[in-house]
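For the sequence shown, numbering that gives the first Met the number 0 assigns the number 0 to the initial residue and increments by one for each residue that follows. Cβ atoms here follow ideal geometry from the backbone N, Cα and C, with glycine treated the same way.
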Amino acid sequence: MQALRKVSFLIAIISATAFAAWHPSAARGEGDGPDLIVGDIFGIFQWTTNSGPIDGIRAYSIARSHCNIGTGRVNWFVGPSPNHPVSTGNLYRLKNGGFEQIGRGWTMHHSCALQQGLCLNELGTCQPVCGGCCNQLGVGCSTSNSITRAGQFGNLGPRSEINAYAGSNLGIHVFSEGNPTLRGRVNVKQADLEPSLNVDAIYFGEVHTIAADDALSMDHTGGWNNATHRRLNLNPTSFNMTPSGGTVRRLPAIYAWQANDPDIVIEAVDVPDEGRFHVGYRVTSNGDGTWHYEYAVHNLNSDRSAGVFSIPVPASLPITNVGFHDIDSHSGEIYDVADWESSYDGGFLTWSTTPFEKNELANALRWGTLYNFRFDAPTPPRAVNVRLGLFKPGAPPKVLIQALGPKLFGDSDDNGAIDLTDFAALVDCAQGPGINAVTESCDVFDIDGDTDVDWADVGAFMLMFSTATP
Ligand SMILES: [Ca+2]
Ligand SMILES: [Ca+2]
Ligand SMILES: [Ca+2]
Ligand SMILES: [Ca+2]
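What follows is the structure, given as structure tokens:
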């Protein structure tokens with residue numbers, strides 16, 4: 000565990016450094032142009048309070064305010080003009096150490112920018128564009144909607160009309176289906192909220208906004224600060240939710256995972272000339288000679304999206320409990336919802352959806368969604384590069400993210416091979432504090448996982464050594 004903490008700590012420092020480099024807490028003045036953020040999450044409205052769940056589903060909408068923290072106005076033209084923001088709501092749950100997305104709404108198309116002062120505590124001044132309901136949001140100004148507006152069907156359109164990296168939308172083309180109480184809203188399975196099934200779970204709401212002028216602003220980095228989250232309290236009887244604590248501006252909800260669990264490492268990774276993903280992960284000892292590997296991948300604004308997630312896992316490891324979790328689109332959205340398939344081959348554990356070439360509407364990890372990948376392995380972690388394969392064709396075909404993956408038994412120097420270096424380390428372990436005393440550097444030789452390095456392990460190591468490819 001100590002070694003694990005050290006690795007996590009080092010990676011946390013690296014992440015924090017990268018994070019500080021992009022974290023736009025002092026964004027105003029960093030670049031020229033409009034810069035839209037979600038300034039507040041001030042309520043959550045349940046549309047199934049009276050009806051109860053419909054086919055096991057509860058429906059919500061998340062009330063939101065926007066701020067323009069940039070140096071130029073943000074367009075707010077009413078549809079069918081595409082020159083207005085669209086924003087969407089998501090729900091997440093932290094439970095048993097895992098962080099999952101449990102709700103996903105359509106997008107709300109905005110019109111009518113009020114010129115208010117919600118963000119004045121950060122910005123100082125609002126330079127209003129006009130006196131009331133305007134088709135632009137002034138510099139330093141905010142605008143807000145009623146608590147139900149983000150759930151009113153006439154304002155909602157499918158996500159498939161949005162290119163989050165370009166910030167473009169096609170206007171509202173409603174082609175929904177399904178129950179009118181649910182459609183387009185943030186749909187959540189009641190089973191994902193039921194207190195008896197979700198002991199000690201905590202919930203978070205997220206609002207994520209997209210606009211063309213913001214997306215193109217500051218050399219295509221304007222969209223990086225467009226997701227904001229807030230903790231929600233759940234009423235265990237009515238399933239109504241209320242905001243709790245402060246709104247965390249500019250950070251997607253995956254950062255709530257880390258805020259509630261400091262062992263979580265989060266890496267931001269950018270597709271060259273395209274959008275941004277976040278990868279969060281943690282490795283924990285199960286206390287029985289196995290380790291749990293938990294990963295969450297969030298697509299912030301990549302239109303190319305992800306279709307493959309792959310972790311280097313030595314081919315000989317008996318891994319177990321391979322798991323995947325996604326969040327299905329709904330209400331007639333055109334995307335497939337089939338879960339990703341996993342395979343374990345050639346030194347990689349890989350999850351993938353149907354390739355773009357076979358189905359352009361496959362269940363890729365698209366903008367504003369978070370999918371989970373997990374497994375148990377009999378060895379502690381080492382630093383590896385996990386691979387995120389991009390769904391839509393282009394260059395590069397994948398991006399690499401530094402994270403953790405399981406070691407190879409007996410590979411004490413983590414070079415992926417059982418070799419003379421490892422043999423020397425094994426001899427040191429045998430001669431050092433005593434072969435039955437497992438130390439941090441020797442636990443990689445505990446091949447049978449009984450928490451002792453013993454003669455059975457030495458025998459197993461020698462067999463691997465003698466059959467290893469030179
Ligand atoms: Ca922005
Ligand atoms: Ca699914
Ligand atoms: Ca080695
Ligand atoms: Ca052993």
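Which partner residues does methionine 463 have in the DSSP bridge list?
Note: methionine 463 sits in no beta bridge, so no partner.
Contact under 8 Å by Cβ, asparagine 197 with alanine 58:
Against a cut-off of 8 Å, the Cβ pair of alanine 58 and asparagine 197 comes out as no contact.
Counting along the chain, where does the alpha helix (DSSP H) carrying cysteine 428 start and finish?
419 to 430
With a 10 Å radius around its C-beta and 16 neighbouring C-beta atoms as the bar for buried, classify asparagine 49 as buried or exposed.
exposed
Could you tell me which of Lys188, Cys140, Pro84 sits nearest to aspartate 54, measuring between CA atoms?
Nearest option by C-alpha distance: Lys188.
I need the DSSP call for phenylalanine 408, collapsed to helix, strand or coil.
coil
Does the distance between the C-beta of glycine 131 and the nearest non-hydrogen atom of ligand 1 fall short of 7 Å?
no
Can you tell me where the beta strand (DSSP E) holding asparagine 298 begins and where it ends?
290 to 298
Short of 6 Å in beta carbon distance, which residues of its chain neighbour alanine 423, apart from the five on each side in sequence? Order them along the chain.
none
Is leucine 35 closer than 8 Å to alanine 258 when the C-beta atoms are compared?
no
What does the alpha-carbon distance come out to for the pair aspartate 218 and valine 426?
Each residue's Cα considered, the two are about 56 Å apart.
Return the residue from the list Arg148, Gln115, Glu121 that minimises the CA-CA distance to cysteine 132.
Gln115
What residues are listed by DSSP as bridge partners for proline 242?
Leu231
In three-state DSSP terms, what is tryptophan 454?
Correct three-state label for tryptophan 454: helix.
Does DSSP classify tryptophan 46 as helix, strand or coil?
Note: tryptophan 46 maps to coil in three-state DSSP.
Check whether the region 393 to 401 touches the region 270 to 278, counting contact only when three or more Cβ pairs, one atom from each stretch, lie closer than 8 Å.
Counting C-beta pairs with one atom in each stretch, the region 393 to 401 and the region 270 to 278 have three or more that are closer than 8 Å, which means they touch.
Let's see if you can read the secondary structure: which residues bound the beta strand (DSSP E) around serine 216?
Serine 216 -> not in any beta strand (DSSP E); alpha helix (DSSP H) instead, spanning 211 to 219.
Secondary structure at glycine 166, three-state DSSP: helix, strand or coil?
coil
Using a Cβ distance threshold of 8 Å, determine whether the region 331 to 340 contacts the region 348 to 357, with at least three qualifying pairs required.
yes
Across which residues does DSSP place tryptophan 350 in a beta bridge pair?
According to DSSP, tryptophan 350 bridges with Phe308, Ser341.
How would you write the range of the beta strand (DSSP E) that glutamine 100 sits in, first residue to last?
97 to 108
Is the beta carbon of lysine 406 less than 8 Å from the beta carbon of valine 443?
yes
When we look at the beta-carbon of glycine 458 and count the other beta-carbons within 10 Å, is it buried (16 or more) or exposed?
The C-beta of glycine 458 has fewer than 16 other C-beta atoms within 10 Å across all chains shown, which makes the residue exposed.
Taking contact to mean at least 3 C-beta pairs separated by less than 8 Å, is the region 132 to 147 in contact with the region 101 to 121?
Yes, the region 132 to 147 is in contact with the region 101 to 121.
Determine the burial state of threonine 450: buried for a count of at least 16 other Cβ atoms within 10 Å of its Cβ, exposed for fewer.
exposed
Which residue or residues does DSSP assign as beta-bridge partners of glutamine 401?
According to DSSP, which records beta bridges pairwise, glutamine 401 is partnered with Asn384.
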